[in-house]
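Written below as structure tokens is the structure these notes are about.
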Amino acid sequence: MSNGPTRKHTALPKAQILIEALPWLTRHNGKTVVVKFGGNAMIDEELKAAFAQDIVFLHHAGLKPVVVHGGGPQISAALDRHGIVSEFKAGLRVTTEDAMDVVRMVLAGQVQRELVGLLNQHGPLAVGLTGEDAHTITATKHQPEIDGELVDIGRVGEITEIDTGAIEALLADGRIPVVSSIARSQDDGHVYNVNADTAAAALAAALGAETLMVLTDVEGLYEDWPDSDEVISRLTASELEKLLPELASGMVPKMEGCLHAVRNGVTTARVIDGRVQHSILLEIFTDEGIGTMVVPDEEEGDAV
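Numbering of the sequence shown is given in the working numbering, commencing with residue 1 and proceeding in unit increments.
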């Protein structure tokens, strides 16, 4: 008899933690959330497993997660093995025809397969596709401008169109789509390597997602880097736009993606620290949040 109340007592904090999540569960139920998987969370085995748990948790909590991934480190390693030199211009990988074959193989045949496998340890949930499938992502050749001149960086694509049909069908069927950032070509029958941050943002906008979450290897956007490591926890689209020219090159596609998302119907876009286990759950189901959240500019007459 005597151990009854004690047992109740030790279980109580668990109940309180679950109840704390209730308003967030209510708010996000049935909503689509696009998660860009990248950074250290992609390489570290424990972080990978925790990521898969988080995504499955979101699914069972009534959200509709869509995972988008690139694979920079894995691509570099595979190019090395094939004797192809990795070269970057304007922060983008120069992608020759030979390199494109390797990129496609690594993203669709290795990174995506591993992620699908981790998610499917929890049930028949994940289905992998690339932007080539069912015309999900269409692109044309991207030529960045360096010192006023357009530069040819090979098979790097600029997204021109998104068709969400296949992803919507998978979500309706209770599945978790896992999308590799490769696009079909609009005009020449080839495929393109597209930046995964950009792809995630374009998909979030096209799907009318509630949230875009970008996992990265920093705590968020810093207030006054490198002089301060204060993270900006919330900023509007216009505030972000002003900051863009000052950002480190690696953060630019992430923050441009967040800006694109909130300017095109996504309610919030967040950059979160993928080095923290279960960062996705902390961000979605707690008051504190742990990254930088970008919100649309308030319209005239909008409630604050």
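All C-beta atoms in this analysis are idealised placements derived from N, C-alpha and C, irrespective of residue type, glycine included.
Candidates the options: closest to residue i by CA position
i, options, result
"Leu125", "Tyr222, Met255, Asp173", "Asp173"
"Ile162", "Ala183, His142, Leu171", "Ala183"
"Gly250", "Gly157, Asp217, Leu115", "Asp217"
"Glu210", "Ala49, Lys64, Leu47, Pro13", "Lys64"
"Thr136", "Leu207, Ala49, Asn120", "Leu207"
"Gly220", "Asp188, Leu259, Val94, Gly274", "Gly274"
"Arg263", "Ile290, Ser233, Ser279, Glu298", "Glu298"
"Gly83", "Val102, Gly70, Gly71, Ala90", "Val102"
"Ser233", "Thr26, Pro73, Ser279, Gly289", "Gly289"
Beta-carbon proximity check, residue i vs residue j, cutoff 7 Å
i, j, result
"Leu235", "Val271", "no"
"Ser181", "Ala199", "yes"
"Asp44", "Leu281", "no"
"Phe51", "Ala41", "yes"
"Thr160", "Ala139", "yes"
"Val111", "Ala78", "no"
"Leu212", "Val266", "yes"
"Val34", "Val66", "yes"
"Asp197", "Pro253", "yes"
"Val68", "Val191", "no"
Beta-bridge partners of residue i, as assigned by DSSP
i, result
"Asp273", "Thr216"
"Gly128", "Val178"
"His69", "Phe37, Ser180"
"Gly157", "Lys141"
"Met293", "Arg234, Arg270"
"Lys89", "Leu92"
"Glu239", "Glu239 is not bridged to any residue."
"Leu150", "Glu145"
Inter-residue spacing [alpha-carbon to alpha-carbon] between residue i and residue j
i, j, result
"Arg104", "Leu115", "16 Å"
"Val156", "Pro23", "42 Å"
"Leu244", "Asp98", "33 Å"
"Thr241", "Tyr222", "The residue asked about is misnamed: residue 241 is Glu in this sequence, not Thr. Their Cα atoms are separated by approximately 15 Å."
"Pro13", "Phe285", "16 Å"
"Ile176", "Gly117", "12 Å"
"Asn120", "His59", "12 Å"
"Thr130", "Lys141", "18 Å"
"Ala269", "Lys31", "14 Å"
"Val194", "Ala49", "26 Å"
"Ala205", "Glu87", "31 Å"
"Gly189", "Ile19", "52 Å"
"Leu259", "His28", "21 Å"
"Arg93", "Ile153", "7 Å"
"Glu132", "Lys36", "18 Å"
"Thr164", "Thr10", "46 Å"
"His122", "Gly109", "21 Å"
"Glu149", "Ala169", "42 Å"
request  = List in chain order: all unbroken alpha helix (DSSP H) runs of 4+ residues lying wholly within the stretch 242-290.
outcome  = Correct list: 252-263, 279-285.
ask   = Where in the stretch 185-211 do unbroken runs of the beta strand (DSSP E), each at least 3 residues long, occur, reported from the N-terminal end onward?
value = Those beta strand (DSSP E) runs which fall completely within the stretch 185-211 and span 3+ residues are 191-193.
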